[in-house]
Amino acid sequence: MPDLRDSWWIDTVEVPTRVVLAPMAGVSVQAFRRQGRRYGAGLVCSEMVSCAGIEHGNERTLGYLRVAADEHPLAIQLFGSDPRAMANAARMVEAVGADIVDLNFGCPVKKVTRTGAGAHLLEEPDLACRLVESVANAVEIPVTVKLRRGVRNGSRACLELGPRLVEAGAAALTLHPRSAEQMYTGVADHSLTAELVELVDVPVVASGDVTSRARAQSVLATTGAAAVMVGRGAQGNPWALREILEGDVSEPSREEVVAELVLFVREVVRELGERRATGFLKKFYGWYLGRGRFPKPFKQEILLLGSTEEVVQRLLAAAPGAIELVERLEAELPSGDEVTLELPVSIYGGG
Ligand SMILES: Cc1cc2nc3c(=O)[nH]c(=O)nc-3n(C[C@H](O)[C@H](O)[C@H](O)COP(=O)(O)O)c2cc1C
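In terms of our numbering, the sequence shown opens at residue 275 and continues consecutively.
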């Protein structure tokens, strides 16, 4: 069985470790991805980005296409159902400097599936293949697909569709072996991942319920997957990545938790602006400060504060030792100027 710290390849892209940080809508902002890379994720992924939004030049959508210098290798994920729009969006993804374009064939949310995108494509294999073909013809970078097992409970659609997607040009597949109907209930059935691995000659990434080193190793060993993907386990918890990769089971100190959270808050504000960041960050406060790390009333106090600067000050007051850690972390990061917005300003529409 490969070591989790071994590198592997998706076509021409070398991925330095076998742990991939999952794309998560409302979570996988640049700050999350950069943190994931720092803690050892070999590949990070943007949340799903709408092809229609890109086509219409929606400013918020285009904002998702920002790539920082220290994120690589990075996959940007697209969702859509029109092969031409998908190809155009993929060209944009390539132009902004992503290493991989990933297509979402797994999102179970109605708002997405009723447009013919996401998990709906699991039941439209011909269209799904046309989408992959169209994108693969449009860009030089590898095209990958992330899918669920099928739409209905018990479905094995992924096993028929997977090999066809590879034939159409997919350079790797990620399988989250739950049905769309299941959403996030039940467990991910990685026996399907093992079956898929047997059927295709490209790397398969196993996604679902990987939260510990023991689980990551057992999923790799029993499925033959090239890598594991970690999603919810890494929310407010980059230390999970360290545990999975290094076997370091020590809990982070309060100072470490506060330092990572403060850095995260500052980066998100820089990325989204104070107004959007304020709402966006609330779930992260729960994730970071929960897990028995801080008492509940402290978490509630943080949630009631008005500005992110007040949050930062309150956090640092609770763990003054974090001040030095934050300074050290900030000094190690590429400076604001180095982390360029590789998106041409004329496309992004300013900001
Ligand atoms: C809040 C949230 C948002 C998600 N958004 C996406 C997404 O944008 N694209 C995608 O392919 N999967 C998305 N997923 C699915 C995850 O990538 C992953 O496959 C799933 O959570 C199972 O892995 P886990 O058990 O490690 O969380 C999302 C999951 C969560 C919890």
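All residues carry an ideal CB built from backbone N, CA and C; glycine is no exception.
(request) Following the continuous beta strand (DSSP E) through residue 480, name the residue where it begins and the one where it ends. (result) Locating residue 480 in the sequence shown gives position 206, where the first residue counts as 1. Residue 480 -> beta strand (DSSP E) spans 478-481.
(message) Taking the straight line between their C-alpha atoms, what separation do you get for residue 464 and residue 336?
(response) Position 190 of the sequence shown, counting from 1, holds the residue named residue 464. Position 62 of the sequence shown, counting from 1, holds the residue named residue 336. Distance between the alpha carbons of residue 464 and residue 336 is about 35 Å.
(request) Would you kindly report the start and end of the unbroken alpha helix (DSSP H) that includes residue 412? (result) If you number the sequence shown from 1, residue 412 lands on position 138. It spans 399-412 - the alpha helix (DSSP H) in which residue 412 sits, taken as one unbroken run.
(message) Quick check on residue 459: buried or exposed, where buried means 16 or more other Cβ atoms within 10 Å of its Cβ?
(response) Counting from 1 along the sequence shown, the entry for residue 459 is found at position 185. With fewer than 16 Cβ atoms within 10 Å of its Cβ, residue 459 is classed as exposed.
(request) Taking 7 Å as the cut-off, decide whether the C-beta atoms of residue 461 and residue 483 are in contact. (result) On the sequence shown, residue 461 is found 187 positions in, with the first residue counted as 1. On the sequence shown, residue 483 is found 209 positions in, with the first residue counted as 1. Closer than 7 Å, so yes.
(request) Compare the C-beta of residue 554 with all C-beta atoms of chain D and state if any pair is closer than 7 Å. (result) Although the question refers to chain D, the structure presented lacks it and comprises just one protein chain.
(message) Could you pull the DSSP bridge partners for residue 453 from this structure?
(response) Numbered from 1 along the sequence shown, position 179 holds the residue referred to as residue 453. Answer is 424, bridged to residue 453.
(message) Given the structure, does residue 292 come close to ligand 1, in the sense that its CB is under 6 Å from one of the ligand's heavy atoms?
(response) The residue you call residue 292 lines up with position 18 of the sequence shown. False, no ligand heavy atom lies under 6 Å from that Cβ.
(request) Could you check how far apart the C-beta atoms of residue 627 and residue 339 are, in whole angstroms? I think they sit under 8 Å. (result) Any question about residue 627 goes unanswered here, given that the chain covers just 275 to 625.
(message) Three Cβ pairs or more, each shorter than 8 Å: is that satisfied between the segment 559-572 and the segment 527-543?
(response) Between the segment 559-572 and the segment 527-543, the count of Cβ pairs shorter than 8 Å is three or higher; the stretches touch.
(message) Please return the same chain residues whose Cβ sits closer than 8 Å to the Cβ of residue 280, not counting the five positions on each side in sequence.
(response) Taking the sequence shown and counting its residues from 1, one reaches residue 280 at position 6. Excluding residues within five positions, the ones whose Cβ falls inside 8 Å are 291 and 292.
(request) Quick one: using the 10 Å Cβ neighbour count with 16 as the cut-off for buried, is residue 452 buried or exposed? (result) Here residue 452 refers to the residue found at position 178 when the sequence shown is read from its first residue. Result: buried.
(message) Helix, strand or coil for residue 572? Go by DSSP, reduced to three states.
(response) Here residue 572 refers to the residue found at position 298 of the sequence shown. DSSP places residue 572 in helix when its eight states are reduced to three.
(request) Would you kindly check if the distance between the Cβ of residue 347 and the Cβ of residue 373 is under 7 Å? (result) As a position in the sequence shown, residue 373 is number 99, starting the count at 1. As a position in the sequence shown, residue 347 is number 73, starting the count at 1. Cβ distance < 7 Å, so residue 373 and residue 347 count as in contact.
(request) Could you have a look at residue 381 and say whether DSSP puts it in helix, strand or coil? (result) Stepping through the sequence shown from its first residue, residue 381 is reached at position 107. Residue 381: coil per DSSP, three-state reduction.
(message) Is residue 380 near ligand 1 - that is, is its Cβ less than 6 Å away from at least one heavy atom of it?
(response) Translated into positions along the sequence shown, residue 380 becomes position 106. Relative to ligand 1, the beta carbon of residue 380 is positioned inside 6 Å of a heavy atom.
(request) Could you give the DSSP three-state label for residue 465: helix, strand or coil? (result) As a first step, residue 465 must be located in the sequence shown, where it is residue number 191. In the three-state DSSP reduction, residue 465 falls in the helix class (H, G or I).
(request) Name, in chain order, the residues that DSSP records as bridge partners for residue 220. (result) Outside the shown range of the chain (275 to 625) lies residue 220, about which nothing can therefore be said.
(request) In the DSSP assignment, find the unbroken beta strand (DSSP E) run with residue 295 in it and report its ends. (result) For the purposes of this step, residue 295 is taken as residue 21 along the sequence shown, with counting starting at 1. Here the beta strand (DSSP E) through residue 295 covers 293-295.
(message) Buried or exposed for residue 223, going by 16 or more other Cβ atoms inside 10 Å?
(response) Examination of residue 223 is not possible in this model, given that the chain is present from 275 through 625 alone.
(request) Pull up the DSSP beta-bridge partners for residue 318, would you. (result) The residue labelled residue 318 in the question sits at position 44 within the sequence shown. In DSSP, residue 318 forms a bridge with 348.
(message) Rounded to the nearest angstrom, what separates residue 321 and residue 301 at their Cα positions?
(response) Residue numbering aside, residue 321 sits at position 47 when the sequence shown is read from its first letter. Residue numbering aside, residue 301 sits at position 27 when the sequence shown is read from its first letter. Roughly 7 Å between the two C-alpha positions.
(request) In the DSSP assignment, find the alpha helix (DSSP H) that holds residue 541 and state where it starts and stops. (result) Numbered from its first residue, the sequence shown carries residue 541 at position 267. Start and end: 528-546.
(message) I'd like to confirm something about residue 504: is its beta-carbon nearer than 6 Å to some heavy atom of ligand 2, or not?
(response) Because ligand 2 does not appear in the structure shown, any question about it cannot be addressed here, the ligands present being ligand 1.
(request) Find the nearest neighbour of residue 401 within the set 570, 596 and 360, judged by alpha-carbon distance. (result) Within the sequence shown, numbered from 1, the residue matching residue 401 stands at position 127. Here the closest residue by C-alpha is 360.
(request) Within its chain, find whatever has a CB closer than 8 Å to the CB of residue 467; leave out the 5 residues flanking it on each side and keep chain order. (result) The residue you call residue 467 lines up with position 193 of the sequence shown. These residues qualify, in order along the chain: 449, 451, 478, 480, 493, 497 and 499.
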